[in-house]
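Visitor: Structure in C-alpha cells, see below.
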Amino acid sequence: MSNKSNIIEVRNLKKKYNNNTAVDGVCLSIFTGSCFGLLGPNGAGKTTTVEMMENIIPQDSGDIFYKQGIRDKTFNQEIGIQFQHTELLAYLTVEETLRTFASFYNKHLPVEEIISLCMLENIKKRLNNKISGGQRQRLLLGLSFLNDPDLIFLDEPTTGLDPQARKHIWEIIRNMNKKGKTFILTTHYMEEAQSLCDTIAIMDKGCIIEQGSPESLIDKHCKGMDCPWNLESVFLKLTGKSLKE
Amino acid sequence: MWALFVARNFEFIRDRAGFGWNILFPFLIVAGFGVIFSSDSSSEFKMGVFPVNPDKMNVKALKIPEKLKTDGYIKLVPFETYDEAIDKLLHHKIDILLEDKGPKLRYWISDSSPKGWVMEKVAKEAIIPEDMFASRVIKQQIKGEQIRYIDWLFPGILGMNIMFSSLFGVGYVIVKYRRNGVLKRLKATPVTAFEYLTAQMISRVMILLSTSFLVWFGCDLLFSFKMQGSYFDAFVIFLAGTICLVSLGLIIACRGTNEELTNGIINFICWPMMFLSEVWFSIEGTSAWVKSIAKMLPLTHFLSAIRKIINDGATLSQVSSEIVILLAMSLIFLSIGSIFFSWTR
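Chains as they are written, first to last, in the numbering used here: chain A, 17 to 261; chain B, 27 to 371.
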C-alpha cells in the first residue's frame with residue numbers, strides 16, 4: 017500500500033535491453049523531504065531505474081506512483097532533473113539558458129535567485145561552450161532547481177569535479193534538502209552518499225540488494241569486521257571487490 | 027515555443043562560421059558561374075588544331091575554314107604535335123581535331139563522342155559557301171529578351187542552398203542534439219515534441235528566407251537578374267519550398283543518434299535531388315523513368331515554380347499545381363516526422 021508520506025513509489029520495476037536485464041524487479045519508497053541515495057557498481061541499473069522514475073524511458077513492467085497517483089502532465093512541471101551526460105545549446109549564455117528553460121514552466125524561481133544560489137554570477141554572460149566542467153555542473157544543477165521542484169533527481173552530480181566544486185554542490189543540495197525538497201541521487205562517491213543521504217539503496221545486477229540509513233548499513237555490515245567503519249566497506253562487502261565491467 | 031525559437035536563432039547566428047558559410051556558399055557559386063558564363067566561355071565545343079605553336083597561334087593565318095575561326099560556340103585549342111592532340115581527343119578533352127594544312131580538310135573524331143559527331147557536321151558545313159543555303163532554308167529568330175544561363179541557374183542555386191541548409195540544419199542538428207543529450211534534457215521539461223519541432227521549423231524557415239534574400243540582393247548587385255514575375259509570388263514559392271524541404275529534414279531528424287550515418291543519408295537524398303531537379307541543367311530529353319523519379323522530388327516542383335515566376339513571369343495561379351504538390355508533400359513529411367519523433371535514442 018502507498019504510504020501517504022511517499023513522494024514517489026516504485027513497485028516491481030523491470031527493464032530489458034535486448035536480452036540483457038538492466039532492472040529486475042526493483043521496489044522503492046521515497047519519503048517526502050528525504051535525500052535518497054542509489055548506489056551500485058557500473059552497469060548495476062541505477063541510471064535506468066532513475067530514468068524510468070523520471071519518465072524519460074518507459075518501463076517494461078512494474079508501477080511508478082508519484083504522490084500516490086499515476087504520473088500525469090503535471091509531473092514534468094514538478095520535478096527537477098540533472099542527467100549524467102547532458103550538453104547544452106552551445107551558443108546560448110548561461111543566463112539565456114536559464115531564462116529559456118524557465119519559460120518552459122508554469123511557475124519558476126527568479127533566474128537571479130538560481131544564479132546566486134549556484135554561484136553563476138561571474139559566468140552568466142558566458143556562452144555555454146566557454147564554461148568549465150565545474151561551472152557546467154553548477155548550471156545543470158541550477159536548471160534542475162529552476163521550477164522550484166518538489167522532487168529532484170541528480171544522476172552523479174559531482175562526477176569529474178574537483179573537491180572544492182564538489183563540496184560546494186553538496187552545500188547547495190543540503191540547503192535545498194533542509195527546505196523540504198526531496199532528492200534522489202546516484203553517485204559513485206561513498207563519502208558523498210554518506211554525507212548527504214538519509215536513506216541508501218545499493219543495487220547490483222538490476223536488483224536492490226540492501227537498503228537503510230547509512231548508519232544502520234555501516235552498523236550492520238561493519239560490526240565485527242576487520243574493515244574501515246564506513247559506507248565504502250559496506251559497498252565492497254555487498255558488491256564484491258572485483259572489477260564489474 | 028517562442029523561447030525555443032529564439033534560442034535556435036541565437037544558435038545559428040552566433041555560430042559565425044556556419045552562418046557565414048550559409049550566405050557565402052551560394053553567393054560564391056552564383057558569382058563563380060556568373061564570371062564563367064559572362065566571359066568568352068560561351069564556347070560549347072572544343073576544336074583541336076595541329077601543328078600549331080600554342081604560344082604563337084595566329085587564328086587568321088590558320089588554314090582551316092573561315093567559319094570555324096569566327097564561330098562563337100567553338101573554342102580553338104592549338105597543339106604542336108599529332109600525338110599530343112590525338113591523346114586529348116581520345117580522352118574527350120576536345121571534340122574534333124583538325125590538321126592545319128590546306129587545301130583538303132583533314133579531321134579526326136571519336137566514334138563514341140556525340141559532340142564529335144555534331145562537330146563533324148559543323149566542320150563539313152563550314153566548307154560549303156553560305157549562298158548554297160539561301161534557296162533551301164528559312165531562318166527564324168526568337169524576338170524579345172532571351173533568358174541568360176545565369177538567370178536560369180540562379181533560382182536553382184538558391185533552391186539547392188535551401189535544400190542543403192534544410193536537411194543539414196534540421197536533420198543533422200537534431201540528430202546531434204539527440205546524441206549529446208540536449209533533447210533528453212528538453213524531454214525532462216514540460217516542452218512537447220510538437221512545440222519543439224514547430225520552433226525548429228519556424229526558426230529554420232525564417233533563417234533560410236532571410237539568408238536567401240541577402241544572397242539574392244548581393245548577387246543582383248553583380249548580375250542584375252531579370253525578374254519577370256512578381257516578388258510577392260516568388261516569396262510565396264520560396265516559403266512553400268522551404269517549408270517542404272525543412273519538413274523533409276524533420277523526417278531525417280526523427281530518429282537516430284549516429285551523425286555520420288545521418289550525414290550519409292542526407293547526401294544520399296541531396297545529390298540525386300540536385301541533378302534530377304534541374305539545379306544545374308535541364309533533364310529534358312532523358313528517359314521517362316528519370317523524369318518520373320524527378321517528379322517525386324520536392325526540389326523539382328520548387329524550382330519549376332520559381333523559374334516559371336522569375337524567368338517566365340508566371341503568376342501564382344499558373345504555378346498552382348506545384349504549390350499544391352509542395353504543400354501536400356510538406357503535410358506528409360511533417361506527419362511522418364512528428365509520428366516517429368523520439369527525444370532519446
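Don't be surprised by glycine CBs; every beta carbon is placed ideally from N, CA and C.
Mind checking if A/E129 is an interface residue toward chain B, Cβ cutoff 8 Å exclusive?
Guide: Chain B, which has no Cβ nearer than 8 Å to the Cβ of A/E129, makes this no.
Visitor: With contact counted as at least three CB pairs below 8 Å, one residue from each stretch, are the segment 214-222 of chain B and the segment 153-161 of chain B in contact?
Guide: No, they do not touch.
Visitor: What residues from chain B crowd round A/H124, counting only those whose CB sits closer than 8 Å?
Guide: Those do not exist, as A/H124 stays about 11 Å from chain B at its closest Cβ, beyond 8 Å.
Visitor: Exposed or buried, which one is A/Y205 when buried takes at least 16 other CB atoms within 10 Å?
Guide: The residue is buried, with at least 16 neighbouring Cβ atoms inside 10 Å.
Visitor: Cutting at 7 Å between CB atoms, please list the residues of its own chain near B/K141, excluding the five before and the five after it.
Guide: If we look at B/K141 and ignore the five residues flanking it on each side, its Cβ neighbours are F71, D121.
Visitor: Just to confirm the assignment: which complete alpha helix (DSSP H) runs, minimum length 4, are found wholly within the segment 33-92 of chain A?
Guide: Complete alpha helix (DSSP H) runs here, min 4: 62-69.
Visitor: Report buried or exposed for B/S303, applying the criterion of at least 16 other Cβ atoms within 10 angstroms of its Cβ.
Guide: Under this definition B/S303 is a buried residue.
Visitor: Report the neighbours of A/Q93 on chain B: residues whose CB is nearer than 8 Å to its CB, in chain order.
Guide: Chain B residues near A/Q93: P216.
Visitor: Rounded to whole angstroms, what's the CA-CA distance from A/I80 to A/D164? Just pull it up for me.
Guide: So the alpha carbons of these two residues sit roughly 22 Å apart.
Visitor: Cβ of B/G363 within 8 Å of Cβ of B/L271?
Guide: Going by C-beta atoms, B/G363 is not nearer than 8 Å to B/L271.
Visitor: For a test of the three-state rule: what should DSSP assign to B/K252, helix, strand or coil?
Guide: Looking at B/K252 - three-state DSSP - the assignment turns out to be coil, as it is neither helix nor strand.
Visitor: In terms of alpha-carbon separation, which member of B/E286, B/L179, B/E221, B/E310 lies closest to B/A57?
Guide: Looking at the Cα atoms, B/L179 is the closest of the given residues.
Visitor: Relative to the C-alpha of B/L240, which residue among B/N187, B/K252, B/V196 is closest?
Guide: Measuring from the Cα of B/L240, the nearest candidate turns out to be B/N187.
Visitor: Starting from B/T326, trace the alpha helix (DSSP H) both ways and give me its first and last residue.
Guide: Here the alpha helix (DSSP H) through B/T326 covers 324-338.
Visitor: Taking C-alpha atoms, which residue in A/Q227, A/T64, A/E25 lies nearest to A/T37?
Guide: Checking every option, the nearest Cα to that of A/T37 belongs to A/T64.
Visitor: Does A/M135 come out as helix, strand or coil in the three-state DSSP assignment?
Guide: Residue state, collapsed to three classes: coil.
Visitor: Considering only their Cβ atoms, is the gap separating A/K31 from A/D88 smaller than 8 Å?
Guide: No.
Visitor: Taking Cβ to Cβ, would you say B/A331 is nearer than 8 Å to B/V345?
Guide: Result yes, Cβ atoms of B/A331 and B/V345 sit closer than 8 Å.
Visitor: Should B/V78 go down as buried or exposed, given a rule of 16 or more other Cβ atoms within 10 Å for buried?
Guide: Its Cβ being crowded by 16 or more others within 10 Å, B/V78 is buried.
Visitor: Any C-beta of chain B sitting closer than 8 Å to the C-beta of A/T102?
Guide: Yes, its Cβ sits closer than 8 Å to a Cβ of chain B.
Visitor: Look at B/I228 and B/F31 and say whether their C-beta atoms are less than 8 Å apart.
Guide: Closer than 8 Å, so yes.
Visitor: Please list the residues of the segment 341-370 of chain B that have a C-beta atom closer than 7 Å to any C-beta atom in chain A, keeping them in chain order.
Guide: The segment 341-370 of chain B vs chain A, Cβ under 7 Å: T370.
Visitor: Taking CB distances under 8 Å as the criterion, tell me whether A/T37 reaches chain B.
Guide: So, not an interface residue.
Visitor: Verify whether the separation of the beta carbon atoms of B/I336 and B/M232 is less than 8 Å.
Guide: Cβ distance not < 8 Å, so B/I336 and B/M232 don't count as in contact.
Visitor: Can you give, in chain order, each stretch of the alpha helix (DSSP H) that sits fully within the segment 194-262 of chain B and has at least 4 residues?
Guide: Here the runs fully enclosed are 199-205, 208-213, 219-249.
Visitor: Would you call A/Q98 buried or exposed, if buried means 16 or more other Cβ atoms sit within 10 Å of its Cβ?
Guide: Buried, because 16 or more other Cβ atoms sit within 10 Å of the Cβ of A/Q98.
Visitor: Cβ of A/N19 less than 8 Å from any chain B Cβ?
Guide: Its pLDDT being 45, under 50, A/N19 is placed unreliably by the model, and nothing is read from it.
Visitor: With respect to the alpha helix (DSSP H) encompassing B/F36, which residues constitute its N-terminal and C-terminal limits?
Guide: From DSSP, the alpha helix (DSSP H) with B/F36 extends over 28-40.
Visitor: Given a threshold of 16 other Cβ atoms within 10 Å of its Cβ, counted over all protein chains shown, does A/I225 qualify as buried or as exposed?
Guide: It is exposed - the Cβ of A/I225 has fewer than 16 other Cβ atoms within 10 Å.
Visitor: B/A29 CB to nearest chain D CB: under 8 Å?
Guide: Absent from the structure: chain D. Protein chains present are A and B.
Visitor: So, are the CB atoms of A/L167 and A/I95 less than 8 Å apart?
Guide: Their beta carbons are under 8 Å apart, which means A/L167 touches A/I95 by this criterion.
Visitor: According to DSSP, is B/P52 part of a helix, a strand, or is it coil?
Guide: B/P52: helix per DSSP, three-state reduction.
Visitor: Considering only residues of the segment 69-128 of chain B, which uninterrupted beta strand (DSSP E) runs meet the minimum length of 3 residues and lie entirely inside it, listed in chain order?
Guide: Listed in chain order, the complete beta strand (DSSP E) runs (minimum 3 residues) inside the segment 69-128 of chain B are 71-76, 100-104, 122-125.
Visitor: Rounded to whole angstroms, what is the Cα-Cα separation between A/Q180 and A/C243?
Guide: Distance between the alpha carbons of A/Q180 and A/C243 is about 28 Å.
Visitor: Take B/I269 and list the residues in its own chain whose beta-carbon comes closer than 7 Å to its own, dropping the five residues that flank it on each side.
Guide: Only V231, S356 meet the Cβ criterion.
Visitor: Per DSSP, what kind of secondary structure is A/V26 in: helix, strand or coil?
Guide: Of the three classes helix, strand and coil, the one that applies to A/V26 here is strand, per DSSP.
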